[in-house]
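Below you'll find the structure, written out as C-alpha cells, and then a few comments.
Protein chains in written order, with this note's numbering: chain A, 259 to 416; chain B, 3 to 42.
Right, here's the structure in full:
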C-alpha cells in the first residue's frame, strides 16, 4: 500500500502483488498496442467519445486528441513500469511524476476490469474470494481500489 | 458532484470550443468520461 511519511509518499507491496501489477500493466500495454477493435467496450471507455449527440463534433475531437491521449497513457505506463521494477516486491518512495502516473494508471486498470465485468454499484459491494477463479477479477478490482484509495489518501494527507 | 451521482451528469464548464476541448482532454486523461454538447 501507499503511505505518507515525513512528507514523502512511500510504497510497500509484496512480490505477489507486484507481479500482479506487472501482469496487469502488460495486458494494458497490449490493449493500447491493439488500438481497439471496433466495438471493443474496454478501449471505448479508455478512449471515450467527446460528444454523445453530435458525431461530427466527436470525430473532429478524436482527430485532434486521440494520439495525444494514447501518448499520455504510454508515458504513464513507462513511468509506472520503471518505478515498479522488473521483479520482486516493490518498496520505494514516489517522485511527483510517479504519484501522478500511478493515480492515472490505477484508474485506467480499474475501468478496464470494471467494463469487462460490467460492474454495477451492487457488484462493487460484493465480496470476492480470490481463490475462486470466477471471482478472481472482482477480487483484483477490489485490491486495485484499496491500493488507489491508499495512494489518494497519502497524496491528500499532511 | 452530487448531480453526477443523482442525475448521471453534471455541467462542469461552458465557453468556447477550444476551452471545452482542453477540459475534455484533461478529464479523459484522468479516466473521467467528459463530453461536450452545444448549449440549448
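The beta-carbon is built from N, C-alpha and C at its ideal position, and this holds for glycine as well. Only a predicted model underlies this, so the values are computations on that prediction, with no experimental measurement involved.
- In this structure, residue 364 of chain A and residue 396 of chain A do not form a Cβ contact; the two beta carbons are roughly 16 Å apart against a cut-off of 8 Å.
- For the C-beta of residue 306 of chain A, the chain B residues within less than 7 Å are, from N- to C-terminus, 30, 35.
- For residue 9 of chain B, the closest Cβ of chain A is not nearer than 8 Å.
- Contact with chain A is found for residue 39 of chain B, since one of that chain's Cβ atoms lies less than 8 Å from the residue's Cβ.
- Listed in chain order, the beta strand (DSSP E) elements of length 3 or more contained wholly in the segment 277-338 of chain A amount to none.
- The C-beta distance from residue 300 of chain A to residue 374 of chain A rounds to 6 Å, short enough to fall under 8 Å.
- Burial is judged here by how many other beta carbons sit within 10 angstroms of a residue's own beta carbon; residue 394 of chain A has fewer than 16 and is exposed.
- Within chain B, no C-beta atom comes nearer than 7 Å to that of residue 389 of chain A; the closest sits roughly 29 Å away.
- Taking 8 Å as the upper bound for CB-CB distance, residue 305 of chain A and residue 324 of chain A are in contact here, some 6 Å apart.
- Only those residues of the segment 330-354 of chain A whose C-beta falls short of 8 Å from the nearest C-beta of chain B are listed: 330.
- Looking from the CA of residue 274 of chain A, the closest CA among A/353, A/380, A/342, A/336 belongs to A/342.
- For residue 410 of chain A, the closest Cβ of chain B is not nearer than 8 Å.
- Sequence-distant Cβ neighbours of residue 294 of chain A in its own chain, meaning closer than 6 Å and more than five residues away, are 301.
- Using a Cβ-Cβ cut-off of 8 Å, residue 26 of chain B is close to 308, 319, 323 of chain A, given in chain order.
- Linking residue 333 of chain A to residue 25 of chain B through their CA atoms gives a straight-line distance of about 20 Å.
- By the neighbour-count definition (other C-beta atoms within 10 Å, threshold 16), residue 376 of chain A is an exposed residue.
- Taken through DSSP and simplified to helix, strand or coil, residue 373 of chain A comes out as helix.
- At least one beta carbon of chain B lies nearer than 8 Å to the beta carbon of residue 311 of chain A.
- In the three-state reduction of the DSSP assignment, residue 380 of chain A falls in the helix class.
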